[in-house]
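Asker: Residue numbers (this note's numbering), protein chains in the order written: chain A, 1 to 139; chain B, 1001 to 1146.
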């Protein structure tokens, strides 16, 4: 059942990304292009998502327990450290270069278009690199 | 320099509805599974880090994303717009997005939607940072260099 919900959530998430315009890298870049032909559409994606998620989060937080799993697994860290800010900066640079962020990149893999495949491979390599470096550090 | 034949149209209605679907999908995962719908975290956990027992729901979520992608391609192929065709932008962009989202513990979904809704100071700072760096990168690459 947990797996079915995860699958359905993934499907709805992908359809929302598509409808919202997130799977159009040039549109994403136009959103980031304040000095050019700025397209503010993607701010509406974020606002729409928060408008639904924020009350749902409040409700679940008050309830304290999810419907199928034993606990709500929420992030607990609060410190603004260097990895957080450096990672976010690196992500922003990559997002501006390509117009892809992780969700739309995965959804776009299904088109088998060359730019999506190239970006997807590089993104997964970047994520794998992080895992490798972390394992080295832990040893 | 990006060669955009026709500039993207402003789509406030479709984008708001798409955003609401994203919010609903994330709310579903929180309400039933008690999990945050952060794509980079879910995928990163599959690539290592997450214990074995914690992998099947992640794999199913990613399968759902791919299934949704196939549905989009079938119902509404125009949802997939053109991407930059310069390999340097795609390869360097992919490496930065992959490494950066793991190092920074999240992306547009985990920080930008879920984290902001939780009023998490880390997510607010991360979102401000990646937005600012995205704006700056496009300005430098497409206006100063382009």
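For glycine and all other residues, C-beta sits at the position ideal for the given N, C-alpha and C. Predicted model, so just to flag it, every value in this text is computed and none were measured.
Give the range of the alpha helix (DSSP H) segment to which residue 1057 of chain B is assigned.
Answerer: Residue 1057 of chain B sits at position 57 when you count from the first residue of the second chain. First-last of the alpha helix (DSSP H) with residue 1057 of chain B: 1056-1075.
Asker: Between the region 110-121 of chain A and the region 1063-1070 of chain B, are three or more C-beta pairs nearer than 8 Å?
Answerer: Enough Cβ pairs lie closer than 8 Å, so yes.
Asker: From this set, A:60, A:40, A:25, A:39, which residue's C-alpha is nearest residue 1035 of chain B's C-alpha?
Answerer: Here the question's residue 1035 of chain B lines up with position 35 in the second chain. Measuring from the Cα of residue 1035 of chain B, the nearest candidate turns out to be A:60.
Asker: Counting beta carbon pairs with one atom in the region 15-24 of chain A and one in the region 1078-1096 of chain B, are three or more of them shorter than 8 Å?
Answerer: Touching, per the Cβ criterion.
Asker: Output the distance between the C-alpha atoms of residue 1109 of chain B and residue 134 of chain A, rounded to the nearest integer angstrom.
Answerer: By one-based count along the second chain, residue 1109 of chain B stands at place 109. By one-based count along the first chain, residue 134 of chain A stands at place 134. Distance between the alpha carbons of residue 1109 of chain B and residue 134 of chain A: 23 Å.
Asker: Output, in chain order, the set of chain B residues within a Cβ distance shorter than 7 Å of residue 3 of chain A.
Answerer: As a first step, residue 3 of chain A is located in the first chain; it is residue number 3 there, counting from the start. Correct list: 1056, 1057, 1060.
Asker: What first and last residue would you give for the alpha helix (DSSP H) that runs through residue 1087 of chain B?
Answerer: Locating residue 1087 of chain B in the second chain gives position 87, where the first residue counts as 1. Per DSSP, residue 1087 of chain B belongs to the alpha helix (DSSP H) from 1087-1103.
Asker: According to the Cβ coordinates, are residue 95 of chain A and residue 1134 of chain B closer than 8 Å?
Answerer: Position 95 of the first chain, counted from the start, is the residue given in the question as residue 95 of chain A. Position 134 of the second chain, counted from the start, is the residue given in the question as residue 1134 of chain B. Result yes, Cβ atoms of residue 95 of chain A and residue 1134 of chain B sit closer than 8 Å.
Asker: Taking 6 Å as the limit between beta carbons, can you name the residues of its chain near residue 1111 of chain B, skipping five residues before and five after?
Answerer: To locate residue 1111 of chain B, count along the second chain from 1; it is residue 111. If we look at residue 1111 of chain B and ignore the five residues flanking it on each side, its Cβ neighbours are 1123, 1126, 1127.
Asker: Exposed or buried, residue 1143 of chain B, counting other C-beta atoms within 10 Å across all chains shown (16 or more means buried)?
Answerer: Numbered from its first residue, the second chain carries residue 1143 of chain B at position 143. Exposed, because fewer than 16 other Cβ atoms sit within 10 Å of the Cβ of residue 1143 of chain B.
Asker: If we define contact as Cβ-Cβ less than 8 Å, is residue 1017 of chain B a contact residue for chain A?
Answerer: Within the second chain, numbered from 1, the residue matching residue 1017 of chain B stands at position 17. It does: the Cβ of residue 1017 of chain B has a partner Cβ on chain A nearer than 8 Å.
Asker: Give the interface partners of residue 1122 of chain B over in chain A, defined as CB-CB distance under 8 Å, in chain order.
Answerer: The residue you call residue 1122 of chain B lines up with position 122 of the second chain. In chain order: 75, 77, 78, 79, 80, 84.
Asker: Could you list the residues in the region 47-65 of chain A with a C-beta less than 9 Å from some C-beta on chain B, going in chain order?
Answerer: Residues 47, 48, 49, 50, 51, 52, 53, 54, 55, 56, 57, 58, 59, 60, 61, 63, 65.
Asker: With a 10 Å radius around its C-beta and 16 neighbouring C-beta atoms as the bar for buried, classify residue 1 of chain A as buried or exposed.
Answerer: As a first step, residue 1 of chain A must be located in the first chain, where it is residue number 1. Its Cβ having fewer than 16 others within 10 Å, residue 1 of chain A is exposed.
Asker: Is the CB of residue 1001 of chain B under 8 Å away from at least one CB in chain A?
Answerer: Working through the second chain from its first residue, we reach residue 1001 of chain B at position 1. Low local confidence applies: a pLDDT of 46 at residue 1001 of chain B is under 50, so the model's placement there is unreliable, with the coordinate-based value given in what follows. Not an interface residue.
Asker: Report the three-state DSSP secondary structure of residue 152 of chain A (helix, strand or coil).
Answerer: Residue 152 of chain A lies beyond the residue range present for chain A, which begins at 1 and ends at 139; the question has no answer from this structure.
Asker: Can you check which of these residues, B:1073, B:1104, B:1059, is closest to residue 7 of chain A by C-alpha distance?
Answerer: For the purposes of this step, residue 7 of chain A is taken as residue 7 along the first chain, with counting starting at 1. Nearest option by C-alpha distance: B:1059.
Asker: Hey, would you say residue 1099 of chain B sits closer than 8 Å to residue 90 of chain A, going by beta carbons?
Answerer: What you label residue 1099 of chain B is simply residue 99 of the second chain in a count that begins at 1. What you label residue 90 of chain A is simply residue 90 of the first chain in a count that begins at 1. Yes, Cβ-Cβ distance for residue 1099 of chain B and residue 90 of chain A is below 8 Å.
Asker: If you follow the alpha helix (DSSP H) that residue 130 of chain A is in, where does it begin and where does it stop?
Answerer: Position 130 of the first chain holds residue 130 of chain A. First-last of the alpha helix (DSSP H) with residue 130 of chain A: 114-138.
Asker: Strictly below 8 Å CB to CB, what residues from chain B border residue 125 of chain A?
Answerer: Within the first chain, the letter at position 125 stands for residue 125 of chain A. Within 8 Å Cβ-Cβ: 1094, 1095, 1098.
Asker: Please classify residue 1140 of chain B as buried or exposed, where buried requires at least 16 other C-beta atoms within 10 Å of its C-beta.
Answerer: Here the question's residue 1140 of chain B lines up with position 140 in the second chain. When all chains shown are included, residue 1140 of chain B counts as exposed.
Asker: Counting Cβ pairs, one atom from each stretch, are 3 or more of them under 8 Å apart for the region 1039-1050 of chain B and the region 121-130 of chain A?
Answerer: Flag = yes, the region 1039-1050 of chain B and the region 121-130 of chain A touch.
Asker: By alpha-carbon positions, which one of A:43, A:123, A:72, A:41 ends up nearest to residue 57 of chain A?
Answerer: Along the first chain, read from residue 1 onward, the residue named residue 57 of chain A stands at position 57. With distances taken between Cα atoms, residue 57 of chain A lies closest to A:72.
Asker: Looking at chain A, is there any beta carbon in it that lies within less than 8 Å of the beta carbon of residue 1052 of chain B?
Answerer: Counting from one through the second chain, the residue named residue 1052 of chain B turns up at place 52. Taking Cβ atoms only, chain A never reaches closer than 8 Å to residue 1052 of chain B, which makes this a no.
Asker: Residues of chain A with CB under 9 Å from residue 1145 of chain B, in chain order?
Answerer: Translated into positions along the second chain, residue 1145 of chain B becomes position 145. Correct list: empty, because the minimum Cβ distance to chain A is about 11 Å.
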